[in-house]
Amino acid sequence: MLTLSYGPHAPQTIQCWDSAVPGSSRGVVVLVHGGYWRARFDASLMVPLARDLVRQGWAVANVEYRRGGNGGGWPETGQDVRSSVSAIAASAWRRAAPGPLVGVGHSVGGQLALLAADQLDAVVALAPVTDAARTHREGLGENAAAEFFGASPEQAPGIYAGASPVRQLPLGTPALVVHGAVDQRVPVEHSLDFIARARMAGDRIDFVSPYGLDHLDAIDPASPTWPFVRGWMDKVPAQVHRVRSSSSA
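In this note's numbering, the protein residues as written are 3 to 251.
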């Protein structure tokens, strides 16, 4: 396993896993973990998905970034993920694994992956945070937004807008949103509103909302939904062609 550093701070690292299938290169998956921006949650959350994906022939980059309590904040946390994607794209490791560059983010990792969509060939957002101001208003994650941003949306409207994928549309990138209908950590209504606005802005976004999928099940490779996600990712080259053809028409 290769470790890439993309900045001077300890959390600014990427664990790079090679495909376990000899001679195979489906592409590179960039994993971005969640945890409501808190330092006690780290990239180990995504290791089960990483192991599954490498068995399927993907190379995987599991991204760590600064969070609340270890140097993070806004815009630093968002900048970290964008810098990590740039570092991956420029690396010799990436050049040895041709194919699409696909971001897969969970919860606030979904937020961060969506905000880096312009650097990626496709994005999979698993139960994503899409509206930071709404997250603050609803007190989600035990008031995680108030804790992380240190101000209310009224006090810092620009910060909240910049941290909200719903305010940064269109994505211009193929996307899949997976969000359980009974998710209590991030209500599915957030994704429904995001998708409606993204489609109005011209984005083509696929959506699946399994009834029994709770928040952490979304990053369990044993969940019934995960094979669907992998199948969608296998079709990314065609998705990219469809979006780019539509954009140039």
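Heads up, the beta-carbon is just placed ideally off N, CA and C, and yes, glycines get one too.
Here the structure is a predicted model, which means the values were calculated and not measured.
Can you tell me which of the three DSSP states residue i falls into?
i	result
Phe-43	coil
Ala-251	The predicted model places Ala-251 with a pLDDT of 49, which falls under 50 and marks its position as unreliable; any figure quoted below should be read in that light. Of the three classes helix, strand and coil, the one that applies to Ala-251 here is coil, per DSSP.
Ala-94	helix
His-192	helix
Asp-219	helix
His-108	strand
Leu-6	strand
Val-231	helix
Lys-237	coil
Ala-127	strand
Leu-114	helix
If I measure Cβ to Cβ from residue i and keep anything under 8 Å in the same chain, skipping five residues before and after, which residues do I get?
i	result
Pro-155	Ala-134, Ala-135, His-138, Arg-139, Tyr-162
Leu-122	Val-32, Val-87, Leu-103, Val-104, Gly-105, Ala-115, Thr-175
Val-30	Trp-60, Ala-61, Val-62, Ala-63, Ile-90, Arg-96, Ala-99, Gly-101, Pro-102, Leu-103, Val-104
Beta-carbon within less than 7 Å of residue i's beta-carbon, same chain only, minus the 5 sequence neighbours each way: which residues are those?
i	result
Leu-4	Cys-18, Trp-95
Ser-93	Leu-6
Phe-230	Val-210
Gly-70	Trp-39, Arg-40, Ala-41, Glu-149, Phe-150
Ile-197	Val-179, Ile-207, Phe-209
Can you list, in chain order, the residues of its chain with a C-beta nearer than 6 Å to that of residue i? Leave out the 5 residues immediately preceding and following it.
i	result
Leu-47	His-35
Gly-143	Tyr-38
Ser-26	Gly-59
Ser-166	Asp-133, Ala-134
Ser-247	Note that Ser-247 scores a pLDDT of 48, beneath 50, so its modelled location is shaky; the value from the coordinates is reported in the next line. Correct list: empty, nothing qualifies.
Glu-66	Pro-13, Thr-15, Ala-45
Arg-28	Gly-59, Trp-60, Gly-101
Taking residue i as the reference, which of the options has the closest Cα?
i	options	result
Gly-101	Ala-124, Leu-117, Val-83	Ala-124
Ala-118	Gly-74, Ser-26, Leu-171	Leu-171
Gly-75	Gln-186, Phe-151, Arg-201	Phe-151
Ala-98	Pro-24, Val-179, Gly-182	Pro-24
Asp-20	Val-56, Pro-77, Ala-203	Val-56
Val-126	Pro-50, Trp-234, Ala-200, Pro-10	Trp-234
Pro-10	Glu-78, Asp-185, Pro-130, His-217	Glu-78
Gln-186	Gly-73, Val-49, Ala-129, Leu-51	Ala-129
Phe-43	Ala-146, Val-168, Pro-189, Arg-199	Ala-146
His-181	Gly-160, Ala-89, Gly-214	Gly-214
Gly-164	Gln-113, Pro-226, Thr-227, Ala-91	Gln-113
Tyr-8	Asp-82, Ala-200, Gln-157	Asp-82
- Message: Counting beta carbon pairs with one atom in the stretch 217-235 and one in the stretch 103-110, are three or more of them shorter than 8 Å?
- Response: Touching, yes.
- What runs of the alpha helix (DSSP H), each 4 residues or longer, lie entirely inside the stretch 9-91? 49-57
- Query: Going along the chain, which unbroken runs of the alpha helix (DSSP H) with 4 or more residues stay wholly within the stretch 148-177?
  - Reply: Uninterrupted alpha helix (DSSP H) stretches at least 4 residues long and entirely within the stretch 148-177 occur at 159-164, given in chain order.
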